[in-house]
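Undergrad: Throughout the sequence shown, residue numbering follows the working numbering, covering 177 to 775 in sequence.
Here a beta-carbon is modelled for each residue, glycine too, at the ideal position from N, C-alpha and C.
Please read these numbers as outputs of a predicted model, since none were measured by experiment.
Quick one: structure below, then a few questions.
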Amino acid sequence: MLPGLEPQDNGLGRTQSLYRKYRPATFDADDLVGQEHVSRTLRNAIARGRVAHAYLFCGPRGTGKTSTARLLAKAVNCLAEDLLQRPCNRCEACEAINQGRATDIVEIDAASNRGIDDIRDLRERVKYAPTALRTKFYIIDEAHQITRDAFNAFLKTLEEPPPNTTFVLATTDPDRLPDTIASRCQRFDFRRIPVYDAIQHLRAVAEREGIAIDDAALGIIARQATGSLRDALSMLDLLATSADRLDDTPIDADLTRRMLGLSQDGRAMALVEALAADDLGAGLRVINAAVEAGQDMRSFARHISSLLRTLMLVRAGADPPEATPEIVELSEKFTLERLLQVNRQFSEMDFATRNAGIPQLPIELAFASSLIVPASSQTPLPASQQSPAARRPRREESPAVQRAAFAPTPPRPEAAPVTVARPPQPEPSIRSEPAGDLPSGNSAGIALDAVVAHWERIRTEVKGVDRKVEALLASTDPYAVDNGVLTLAAAYAFHVGRLNDPRTRKVVEDATARVLGSSLRVEVALKGELDSRSSAATPASRHVPAAAAPSVEEATAHHSLDEETGSDSVLSTVPADSADPFDQAVRTAELLFDAKEVE
Numbered sequence: 177m178l179p180g181l182e183p184q185d186n187g188l189g190r191t192q193s194l195y196r197k198y199r200p201a202t203f204d205a206d207d208l209v210g211q212e213h214v215s216r217t218l219r220n221a222i223a224r225g226r227v228a229h230a231y232l233f234c235g236p237r238g239t240g241k242t243s244t245a246r247l248l249a250k251a252v253n254c255l256a257e258d259l260l261q262r263p264c265n266r267c268e269a270c271e272a273i274n275q276g277r278a279t280d281i282v283e284i285d286a287a288s289n290r291g292i293d294d295i296r297d298l299r300e301r302v303k304y305a306p307t308a309l310r311t312k313f314y315i316i317d318e319a320h321q322i323t324r325d326a327f328n329a330f331l332k333t334l335e336e337p338p339p340n341t342t343f344v345l346a347t348t349d350p351d352r353l354p355d356t357i358a359s360r361c362q363r364f365d366f367r368r369i370p371v372y373d374a375i376q377h378l379r380a381v382a383e384r385e386g387i388a389i390d391d392a393a394l395g396i397i398a399r400q401a402t403g404s405l406r407d408a409l410s411m412l413d414l415l416a417t418s419a420d421r422l423d424d425t426p427i428d429a430d431l432t433r434r435m436l437g438l439s440q441d442g443r444a445m446a447l448v449e450a451l452a453a454d455d456l457g458a459g460l461r462v463i464n465a466a467v468e469a470g471q472d473m474r475s476f477a478r479h480i481s482s483l484l485r486t487l488m489l490v491r492a493g494a495d496p497p498e499a500t501p502e503i504v505e506l507s508e509k510f511t512l513e514r515l516l517q518v519n520r521q522f523s524e525m526d527f528a529t530r531n532a533g534i535p536q537l538p539i540e541l542a543f544a545s546s547l548i549v550p551a552s553s554q555t556p557l558p559a560s561q562q563s564p565a566a567r568r569p570r571r572e573e574s575p576a577v578q579r580a581a582f583a584p585t586p587p588r589p590e591a592a593p594v595t596v597a598r599p600p601q602p603e604p605s606i607r608s609e610p611a612g613d614l615p616s617g618n619s620a621g622i623a624l625d626a627v628v629a630h631w632e633r634i635r636t637e638v639k640g641v642d643r644k645v646e647a648l649l650a651s652t653d654p655y656a657v658d659n660g661v662l663t664l665a666a667a668y669a670f671h672v673g674r675l676n677d678p679r680t681r682k683v684v685e686d687a688t689a690r691v692l693g694s695s696l697r698v699e700v701a702l703k704g705e706l707d708s709r710s711s712a713a714t715p716a717s718r719h720v721p722a723a724a725a726p727s728v729e730e731a732t733a734h735h736s737l738d739e740e741t742g743s744d745s746v747l748s749t750v751p752a753d754s755a756d757p758f759d760q761a762v763r764t765a766e767l768l769f770d771a772k773e774v775e
């Protein structure tokens, strides 16, 4: 606290606010908090007699720009012999500046004195020498508010000021200053006050003021101030006079949240818990409870975003200081990919809630979108982070298709026959169930028909293990079985993401193995994507490369389509009741490509 500035009672019970009472008085680190890089440089400039004619102080509000400008004015005009001890706050010059009596220290609010006429008046005033101090200081706050014409009129004066005159321009938006102005000043960038430094300073002020407050409440104040020490002291001042403290009870975290209109920790945690459980209804109920409790939605959105960011940092291994055991446990319910997507959804909540007609609506939309947003609208991830189904460019051809491929015959009467090598027939698997239940058509001994026939039993097995997974399978159907891989077609992108989760996929794979007696690896993709791949692989005409020959299942599908449309197709002559799938494939190829099998 500055000497001679003890608060005086004026009979109305009004005292000086804490942020004015504890305004920095020296360049010491415990006084000018969090700006050591600025104080060290200015102190060296004073000790070496290298004070510039113009300074530009930039930074967020409440970080000490104007206070540092006053410190600089005191230090330059201080009468102490030890240059490193300036300002001393004891000499006549320091006391005059502290008490606001120094007429040579001129503070100008550029927000209300921004025009060319104001700058012309300033130009006339700088011509006069200081009256009481060695150096006259002009401190121009919110300098970015000055008009361009006024800046042009001020340029020459700033470049070549009269002797014993120093300008300090303070601004929160340095990008709006013309380059011609900024280039003529020494620029100092003020940083946001770190949370730890803010807590230490608030604790020291509370002890000197006799305010009983616990560390949790101090942490809430420091984080809510977002780097502004002035805002933090104003909040502490508010809590010190709270109506709940007439009996001088200590200020705790609960009282701090209520007085500052902040979200309760439990609500934000409950909302994220609902997000982890994919419970849309529970999340919307949490948001509605916050609204009914009078919670400020902008503050609630900030709290949610802060919690989600902390979860993302924990999941990425950054070990943030705010990670409590509860947060670490909650982070294990998410994948890093999911947390990235959720953080994108909630990243714009601060701005959205401020301008929304229904304040809670942006939060509700972000929460719902985090659960049901289509995969196509999300930013694509690197291939190393995609699921196996997403990395596969197209469905691989089954062995049955490869062995039934034929080269097309040249259009000549005496065409050379195409040789088809007949591979050895696979031995039928021995199963306890009746023969014919599980036909063998691939390397795993399981065909798609068998999976389709037993799909309800598989879902029943899954339901006995996890009802949520079975609910996801309600809109999912078997699509293909190739090389021991069962491809499932899902109707919704959200189901694709959940079913491709390793834990969920294992539940389906285990149930499939129990029902079919053979292990299949499960992959899930959108039905539309699978259909587009299949259509892209379908030949446009009869003259197609040998590698693109259709399988028996595709040929049967074309046959069914021709019967429905009434078209005349060569596939209609293929016997559908052929006992040997390979013989059926041979007959299909002969009819399609005019080829003959050579024994």
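#1: Of all the options Thr202, Lys644, Val700, which has the alpha carbon lying nearest to the alpha carbon of asparagine 274?
#2: Return the residue from the list Val641, Tyr195, Leu706 that minimises the CA-CA distance to valine 684.
#3: So leucine 451 packs on methionine 488, CB below 8 Å; how close in whole Å?
#4: Taking contact to mean at least 3 C-beta pairs separated by less than 8 Å, is the region 382-401 in contact with the region 218-233?
#5: Identify, in the order they occur along the chain, each residue of the same chain with its Cβ nearer than 8 Å to the Cβ of leucine 208, setting aside the five sequence neighbours on each side.
#6: Can you tell me whether DSSP reads cysteine 270 as helix, strand or coil?
#7: Sorry if obvious, but does the Cβ on isoleucine 284 come closer than 7 Å to a heavy atom of the ligand GDP?
#8: Residues in the same chain with beta-carbon distance under 8 Å from glutamine 362, minus the five sequence neighbours each way, listed in chain order, please.
#9: Below 7 Å CB to CB, which residues in the same chain sit around threonine 356 once its five sequence neighbours on both sides are set aside?
#10: If you draw a straight line from the C-alpha of asparagine 328 to the C-alpha of proline 496, how long is it?
#11: Between the Cα of methionine 435 and those of Arg406, Thr402, Val381, Ser475, spot the shortest distance and give me the residue it belongs to.
#12: Exposed or buried, what is aspartate 658 when buried is set at 16 or more other beta-carbons lying within 10 Å of its beta-carbon?
#13: Using the beta-carbon count (16 or more within 10 Å), is isoleucine 777 buried or exposed?
#14: List the residues that DSSP assigns as beta-bridge partners of proline 654.
#15: Apply the 10 Å Cβ neighbour rule to proline 426 and answer buried if 16 or more other Cβ atoms are within range, or exposed otherwise.
#16: Rounded to whole angstroms, what is the Cα-Cα separation between glutamine 192 and isoleucine 389?
#17: Straight-line CA distance for aspartate 472 to alanine 650?
#18: Going by the DSSP bridge assignment, what does cysteine 234 pair with across the sheet?
#19: Check whether the region 333-345 and the region 309-320 are in contact - that is, three or more C-beta pairs closer than 8 Å.
#20: Taking the straight line between their C-alpha atoms, what separation do you get for lysine 703 and proline 654?
#21: Would the beta-carbon of isoleucine 284 fall within 8 Å of that of isoleucine 316?
#22: Considering just the uninterrupted stretch of the beta strand (DSSP E) at arginine 697, what are its terminal residues?
#23: Give the single residue among Asn531, Val462, Val518 whose Cα lies nearest to the Cα of leucine 484.
#24: In this structure, how does DSSP classify lysine 250 when only helix, strand and coil are distinguished?
#25: Give the C-beta separation of alanine 477 and aspartate 407 to the nearest angstrom, bearing in mind that I take them to be a contact with Cβ-Cβ under 8 Å.
TA: Here's the rundown:
#1: Thr202
#2: Val641
#3: That pair is no contact at about 13 Å.
#4: no
#5: Pro200, Thr202, Val214, Ser215, Gly240, Ser243, Thr244, Leu247
#6: helix
#7: For the structure depicted, the ligand GDP is absent and the ligand set is empty, with no information on it obtainable.
#8: Ala228, Ala230, Tyr231, Leu232
#9: Leu331
#10: 48 Å
#11: Ser475
#12: buried
#13: An answer regarding residue 777 cannot be provided, because it is not within the stretch 177 to 775 covered by the chain.
#14: Leu664
#15: exposed
#16: 20 Å
#17: 40 Å
#18: Thr347, Asp365
#19: yes
#20: 10 Å
#21: yes
#22: 697-702
#23: Val518
#24: helix
#25: 19 Å between Cβ atoms; not a contact.
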